[in-house]
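Start counting the sequence shown at 0; every next residue gets the next number (this note's numbering). Ideal placement from N, C-alpha and C gives every residue a C-beta, glycine not left out. The next block holds one structure in the form of structure tokens; read it before the comments.
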Amino acid sequence: MTELILGAGGMLARGLASERPEARSLGIRELDITDPAALGRVIVPGVSIVWNAAADTRVDLAETDPSHLAVNDVAVGEIARLCRDAGALLVHVSTDYVFDGRAGRAWREDDPVGPVNAYGRGKLGGERRALASGAQVLIVRTSWVFAPGGVNFVDTMLNLAASGKTELKVVDDQRGRPTFAPDLARALVTLADSGARGLVHFANSGETSWFGLAKEVLARGGFPHVKLVPCTTAEFPRPAARPANSVLDTSLYERRTGGAPRPFTEALDEHLRIRAAAAGAPAA
């Protein structure tokens with residue numbers, strides 16, 4: 000049986016390739032997932048699992064450019080339909096941004112959804128198409144993903160500090176749980192192998208704000224001299240609204256697997272060691 004990893008080259012897909020080295024990884028050069036005919040040539044009987052790590056995560060651009068829907072919404076439905084016909088399991092990754100951020104506690108899988116931006120609405124559309132397809136589906140919502148070699152908040156902070164910035168303004172009124180992509184990949188594999196289906200949340204343990212995350216990043220990354228200035232969302236406007244609280248409850252994951260996600264600070268230290276090794280320098 001063949002396993003497929005879609006979105007090769009991305010942070011999560013690289014983690015999945017490490018966990019499932021026998022799987023066939025397909026990036027945009029090998030497969031345009033918005034092309035139903037192309038999908039139909041690879042998701043065929045004999046494929047056992049499709050790991051869909053492909054996504055258009057340009058949250059602000061999504062407000063004015065609907066092209067993200069082709070990847071995040073419509074293609075997910077087509078992938079799910081083909082998985083149904085091939086008898087394959089679809090493992091799909093979704094987002095904390097399907098919630099409106101107004102809850103006073105961490106979000107559970109059965110909580111009402113209500114995206115506040117176009118990206119979240121697109122990802123929710125993909126979830127619904129997959130769940131309605133009749134395929135075997137595992138959807139894992141996650142948040143604030145980071146890993147070396149990708150566009151993410153952690154590396155943005157490190158790169159700004161390394162470029163000589165001495166002061167950075169960072170939003171302090173949005174809270175979430177950072178997630179290390181290799182940990183997410185392992186969680187997906189563990190859940191799929193355990194027979195989990197439907198919706199499950201995964202993120203590293205420990206909630207924080209973007210400001211709090213930046214503080215940890217710079218202190219651990221060797222930039223304690225960079226001054227961080229906390230600000231409100233209103234003081235740092237973006238085209239797309241963000242939920243104030245996107246903390247995910249991972250109790251279901253813990254019950255399903257018998258293990259708890261490790262702290263994001265521990266994952267952050269690993270991230271820094273990998274960066275340092277790639278640069279040929281010791282970690283700070």
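Counterpart residues of residue i in DSSP-defined beta bridges
| i | result |
| --- | --- |
| W209 | Paired residues: none, contrary to the question. |
| Q173 | None, per the DSSP bridge assignment. |
| P229 | V169 |
| P262 | S204 |
| W106 | L247 |
| T141 | T94 |
| R23 | L3 |
| T178 | V144 |
| G197 | L137 |
| V46 | T1 |
| N51 | L5 and H91 |
Exposure label - residue i; buried when at least 16 CB within 10 Å
| i | result |
| --- | --- |
| S250 | exposed |
| H91 | buried |
| D34 | exposed |
| E29 | exposed |
| E126 | buried |
| S245 | buried |
| E234 | exposed |
| R101 | exposed |
| A276 | exposed |
| N51 | buried |
Nearest-angstrom Cβ-Cβ length linking residue i and residue j, presumed shorter than 8 angstroms
| i | j | result |
| --- | --- | --- |
| E271 | G220 | The sequence given here has Leu at residue 271, not Glu. Confirmed, Cβ separation roughly 6 angstroms. |
| G14 | G26 | In fact, because the Cβ distance is near 14 angstroms, the residues do not count as touching under 8 angstroms. |
| L137 | V199 | 7 angstroms |
| D84 | N71 | With a Cβ gap of about 22 angstroms, D84 and N71 do not count as contacting. |
Short CB-CB distance (under 7 angstroms) between residue i and chain D
| i | result |
| --- | --- |
| E215 | Protein chain content of the structure displayed is limited to a single chain, and chain D is not contained in it. |
Between the segment 138-146 and the segment 179-188, can you find at least three pairs of beta-carbon atoms closer than 8 angstroms?
yes
So, do the segment 240-257 and the segment 109-126 have three or more beta carbon pairs nearer to each other than 8 angstroms?
yes
Taking contact to mean 3 or more Cβ pairs, one atom from each stretch, closer than 8 angstroms, check whether the segment 160-178 and the segment 190-210 are in contact.
yes
Could you tell me whether the segment 73-88 touches the segment 213-227, using the rule of 3 or more Cβ pairs below 8 angstroms?
no
Kindly confirm or deny that the segment 181-201 and the segment 133-144 touch, where touching means at least three C-beta pairs closer than 8 angstroms.
yes
Okay, do the segment 159-172 and the segment 93-111 touch, 3+ Cβ pairs below 8 angstroms being the bar?
no
At 3 residues or longer, and completely inside the segment 65-99: list those beta strand (DSSP E) runs for me, N to C.
88-94
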